[in-house]
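Q: First to last, the sequence lines map onto chains A and B.
Counting in my numbering, the first sequence runs from 9 upward without gaps.
Counting in my numbering, the second sequence runs from 2 upward without gaps.
Okay, here's the structure, questions in a sec.
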Amino acid sequence: MASLELKQLTKKFGDFTAVDSMDLQVADGEMIALLGGSGCGKTTTLRMIAGFTEPFSGSILVDGKDVAGIPAYKRNIGIFFQNYALFPHMTVFENIAFGLKIQKLPKAEIAERVSEMLELVKLYGMEKRYPRELSGGQQQRVALARALVTRPSILLLDEPLSNLDAKLRVEMQVEIKRIQKELNITTIIVTHDHEEAVSLADRVIVMNAGRILQVGTPKEVFDDPNSAFVADFMGFSTFIKGSVKLELPDRLIVECSGHDLSVKRSVRDDLREGDNCILAIRSENIAIVPEDNMENRFVSGSNEIYAQENIVKGRVESITYKGHSTRVEVSGCFEENVYPAPNDYTGPGAGGELRLYFPSDKLCIYKN
Amino acid sequence: MERKRSAVLLALPAALSLLIFFVCPMVFIFLKTIAENGLSDFVDFFTDPFYLDILWTTFRVSLVSTLVSLILGYPTAYYMARTKSRLKNVMMIIILFPFLVSAVVRSYGWMVILGKNGLLNQLLQGIGLIKEPLEILNTETAVIIGMIHLLIPYMIMSLIGVLQSIDPNVEYAAQSLGASPLETFVKVVFPLSLPGIISGCVLVFTMSMTSYVTPKLLGGSKFRMMATMVVQEINVNFDWGAASAISYILMAAILVCQALIVFGSAGYMKRMGGGKNA
C-alpha cells in the first residue's frame, strides 16, 4: 500500500524518446490505467516503475521516496505479465510460494499465506498442478496470486484481460476489481484496450508518443475525450469536419457540408466563429429517425427522443450485423461517411435512404 | 495408415545406409573377434591396469572438457540468447567459425601456442611471470585445452536453443518477487535450461570420449586415450582383436554414461512436460 509519483519521467532509446517528461500522481489504493497504442510508452513506464529499466531522467517516488538505484528485487512491486510468465517447472503452489520462499519465511506461514491467496483467486485444490495443466483463466489467477502474495506496495498489471475470451474477460474484470478493492492496493494497469481501461480503473491516463494526452475518470475519458486523437482511440467511429457558424451561450452552430448542427459547448471552449473544427460521435449515439414519424418524436435504445434539429438525410451504403448491434455505413449526410450502430436495425437495406439524428450533447467538438 | 507407410519409405534410405555401413561392420567385427579369440580380448582389457588406466584417462579428460565447456559456454550462450544487438549474426558466425577449420589444423595451432618455445611461454617469460618454460604441450592439460576449444561451439549451440526458449518475463517475474540475480539464476534460469545443459553435455562428452586427432597431436606419444589406442593396436601392434574389444568397451562406456544421464534426469524432464511448455 503506497502512493506513487512520477516526476518528469523520461526514457530514451538512442534518439527515440519512449517516455517524455511524464508527470503523474497515484493515490494510495487507487487503480489507474495507462491507455495507449503500441509504442506509446506505457509499457516502458511500467518497466521503469518495476525497476527493470532505469529512467533517462526524472524520478519515481514511492511513498515520497525516490526509488532510483534500487534494484527490481528490492522494490517490493508486484507485477502481472500479459503472458503470465509463470514458472513452468513449478506447481501452482510453488509458483505462488516463490516470493515467500525467497523471503525465507517459515514453512507453516508460507503454506498459510499461499492457501489464503488460493482462496482469494478461487483456485483452491489446484496447488499440485503445473501451469501447463491449467486453462488460460486459471493461469491468470495463479499469476495474480503470485504477484499479490508478497503483499507488494504497488501492483502493476500488463494487459491483464487481453489474452482471455469474452466471457472470461468479464469474469476476470470483476475479480480483479474485487481483489484490488479487498486488498486496497495501489494498482497500475497498462493496456491498449479502452474497454479494459474504463472497466477496471478509477482513473484513466491516455498516452501517445511518450506523452500524456488526457487524465480523467473512465466516464470523462470515454464520453468526453479532449482531442480528436483520444476520441479515435476511445472508439469514436464517426468524425465530421465543419466550421463554427454561430456562437450561442449554451451551444455552437456548426456548418458541416451544408448542414447546420447544434453542438453543446464543451469545457474546452476554445472555438470562435469561423474556426474549422472536427465533430466526433460514437456510433451508438447516432439515432435513426423512423420515416413514418414526422413529429420526430421516437424511442431510440432506452431514450425517448424529441428531435427538433440535427437531423440529416443519408443513403445506406452497407449493413454489417455484429450481434449486439448492427453497423450501418451511411453516405451523403456529409462529406464523410457516418456509422450509426443501432441495437436493432429495421431501416432500409443498402441503397435506401434514411434520416439520422445527431444529439447535440453527444457530439464532441475539437479545433481542426 | 497410408501416411504412415510413406513416412517409413522416406526413412528407408538413411536407415538402410546406417544398417549397411555402420551396423553390419560392427556386428561383423564383433563376431570375428569372438570367433578368433573368444572373450580373451575383453578379459585382457579389464585385467590389465595399462588398459584400465587409458579408460580412466579418457573418462577424466572427457568429463573435465565437458564441465569446463559448460561453465565457459553458458555465459556466452546466455548473452547470445538475450542480446538484441544487430551484431548477433556476426557473433554467431564467430562462435561457429571453428567448425570451418579441421581439428587437425586447430590442433597444430595449439601446438604453436603451447609448445616449449611457443607463444604462451614466450609471453609469460616476456612479462616475467615464469623463468622456465611451462610443460603444457604433450600433457593431459594440452589435450583438455584443445578439446574444449574444439567442442565448446556444440555446447554453446545446445544452450542457446534452450535459453532462447525461456521467456525473459519469467526472470523479471522472479526479480519482482524479490529474487536477486543469483537466486533468479539458481531457481529459475538454471532449472529451465537443464534440457539444453543435458543435451550439450551428452554431445560434448560423447565427442570427447571418441576423439582421436586432439589427443594424438596435443598429448604426445605417451598420452593415450581409447580412440588413439584402437589405432595403435591396429597400426602398431597389428592386434585387430584388441582394437575391436577396445572399440566395443568405449562404446559401452559411452552408452552407460548416456543412460545414467538420461535416466537420472528422466524424472525432471517429465516434470517439465517433455520440454513442451507454453
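Glycine included, C-beta positions come from ideal geometry on N, C-alpha and C.
In the DSSP assignment, what residue or residues form a beta bridge with A/A41?
A: Per DSSP, A/I197, A/V212.
Q: May I have the straight-line CA-CA distance separating B/M210 from B/V144, to the nearest angstrom?
A: If you take the alpha carbons of B/M210 and B/V144, they lie about 12 Å apart.
Q: Return the Cβ separation of A/V27 and A/T53 in integer angstroms, given the expectation that the two are a contact with Cβ distance under 8 Å.
A: Going by Cβ atoms, the distance from A/V27 to A/T53 rounds to 5 Å, so yes, they are a contact pair.
Q: Please classify B/N139 as buried or exposed, where buried requires at least 16 other C-beta atoms within 10 Å of its C-beta.
A: Answer is buried; the Cβ neighbour count reaches 16.
Q: Can you tell me whether DSSP reads A/I155 as helix, strand or coil?
A: For clarity, residue 155 of chain A is Ala in the given sequence; the question names Ile instead. Of the three classes helix, strand and coil, the one that applies to A/A155 here is helix, per DSSP.
Q: Would B/N38 pass as an interface residue toward chain A - the criterion being a Cβ-Cβ separation below 8 Å?
A: By this cut-off, B/N38 is not an interface position.
Q: Can you pull the chain A neighbours of B/V205, defined as C-beta to C-beta under 8 Å?
A: Per Cβ cutoff of 8 Å: no residues; B/V205 is ~24 Å from chain A at best.
Q: Could you tell me whether any Cβ in chain C is nearer than 8 Å to the Cβ of B/L178?
A: In the structure shown, chain C does not exist; the protein chains are A and B.
Q: If A/V252 sits next to A/L287, beta carbons under 8 Å apart, how far is it from one beta carbon to the other, in whole angstroms?
A: Contact flag wrong, Cβ pair sits at about 11 Å.
Q: Any Cβ of chain B within less than 8 Å of the Cβ of A/H202?
A: Cβ-Cβ to chain B under 8 Å: no for A/H202.
Q: DSSP state of B/A78, grouped into three classes?
A: The answer is helix: DSSP assigns B/A78 an H, G or I state.
Q: Report buried or exposed for B/K217, applying the criterion of at least 16 other Cβ atoms within 10 angstroms of its Cβ.
A: The residue in question, B/K217, is buried, as its Cβ has 16 or more Cβ neighbours within 10 Å.
Q: To the nearest angstrom, how far is it from the Cα of A/I289 to the Cα of A/S333?
A: One C-alpha to the other measures close to 16 Å.
Q: Please list the partners that B/N122 has in chain A, where partner means a Cβ-to-Cβ separation under 9 Å.
A: Ordered by position in chain A, no residue passes the 9 Å Cβ test against B/N122, which lies about 45 Å from the chain.
Q: B/A243 and B/E234 look like a contact to me (Cβ under 8 Å); what is the Cβ gap, rounded to whole Å?
A: The Cβ separation is near 5 Å, so the contact holds.
Q: Short of 8 Å in beta carbon distance, which residues of its chain neighbour A/V275, apart from the five on each side in sequence? Order them along the chain.
A: Only D232 meet the Cβ criterion.
Q: Output yes if chain B places a C-beta closer than 8 Å to the C-beta of A/H97; else output no.
A: Taking Cβ atoms only, chain B reaches closer than 8 Å to A/H97, which makes this a yes.
Q: Beta-carbon separation of B/L160 and B/Y75 under 8 Å?
A: In contact: B/L160 and B/Y75 (Cβ atoms closer than 8 Å).
Q: Can you tell me where the beta strand (DSSP E) with A/H267 in it begins and where it stops?
A: 267 to 272 is the span of the beta strand (DSSP E), which, as asked, contains A/H267.
Q: Hey, A/L165 and A/F247 are a contact pair by Cβ (cut 8 Å); roughly how many whole angstroms apart?
A: Incorrect: roughly 31 Å between the Cβ atoms, too far for contact.
Q: Are at least three pairs of beta-carbons, each pair with one atom in the region 15 to 31 of chain A and one in the region 189 to 200 of chain A, less than 8 Å apart?
A: No: the two stretches stay apart, fewer than three of their Cβ pairs being nearer than 8 Å.
Q: Would you say B/A174 reaches chain A, if we count a Cβ-Cβ gap shorter than 8 Å as a contact?
A: True, the Cβ-Cβ gap to chain A drops below 8 Å.
Q: If A/V100 sits next to A/L12, beta carbons under 8 Å apart, how far is it from one beta carbon to the other, in whole angstroms?
A: Contact doesn't hold; Cβ gap of about 30 Å is too wide.
Q: Whole-angstrom Cβ separation of A/N345 and A/E325, contact assumed at under 8 Å?
A: Going by Cβ atoms, the distance from A/N345 to A/E325 rounds to 7 Å, so yes, they are a contact pair.
Q: Does B/A279 come out as helix, strand or coil in the three-state DSSP assignment?
A: Confidence is the limiting factor: at B/A279 the pLDDT is only 35, short of 50, which leaves the residue's position unreliable and the question unanswerable from this model.
Q: Along chain A, which residues have their Cβ under 7 Å away from the Cβ of B/P192?
A: Per Cβ cutoff of 7 Å: H97.
Q: Please list, in chain order, the chain A residues whose beta carbon lies closer than 7 Å to that of B/V189.
A: By Cβ distance, chain A contributes F95.
Q: Grouping DSSP H, G and I as helix and E and B as strand, with all else coil, what is A/A358?
A: Looking at A/A358 - three-state DSSP - the assignment turns out to be coil, as it is neither helix nor strand.
Q: Quick check: the Cα distance between B/I21 and B/F29, rounded to an integer number of angstroms?
A: Cα-Cα distance, rounded: 11 Å.
Q: Under a three-way DSSP split, which group does A/V100 fall into?
A: Helix, per DSSP.
Q: Counting contacts by CB-CB distance shorter than 8 Å, is B/R83 in contact with chain A?
A: No - not a single Cβ of chain A is within 8 Å of the one on B/R83.
Q: Which of the three DSSP states is assigned to A/N311 in this structure?
A: Three-state DSSP puts A/N311 in a strand.
Q: Check the Cβ-Cβ distances between A/N345 and every residue of chain B, and say whether any is below 8 Å.
A: Not an interface residue.
Q: Considering A/K50, what are the terminal residues of the beta strand (DSSP E) in which it resides?
A: First-last for A/K50: 50 to 58, but that is the alpha helix (DSSP H), not the beta strand (DSSP E).
Q: Can you check DSSP and say which residues form a bridge with A/D166?
A: A/V198, per the DSSP bridge assignment.
Q: Can you give me the start and stop residues for the alpha helix (DSSP H) that A/E190 sits inside?
A: Segment 174 to 191, the alpha helix (DSSP H) holding A/E190.
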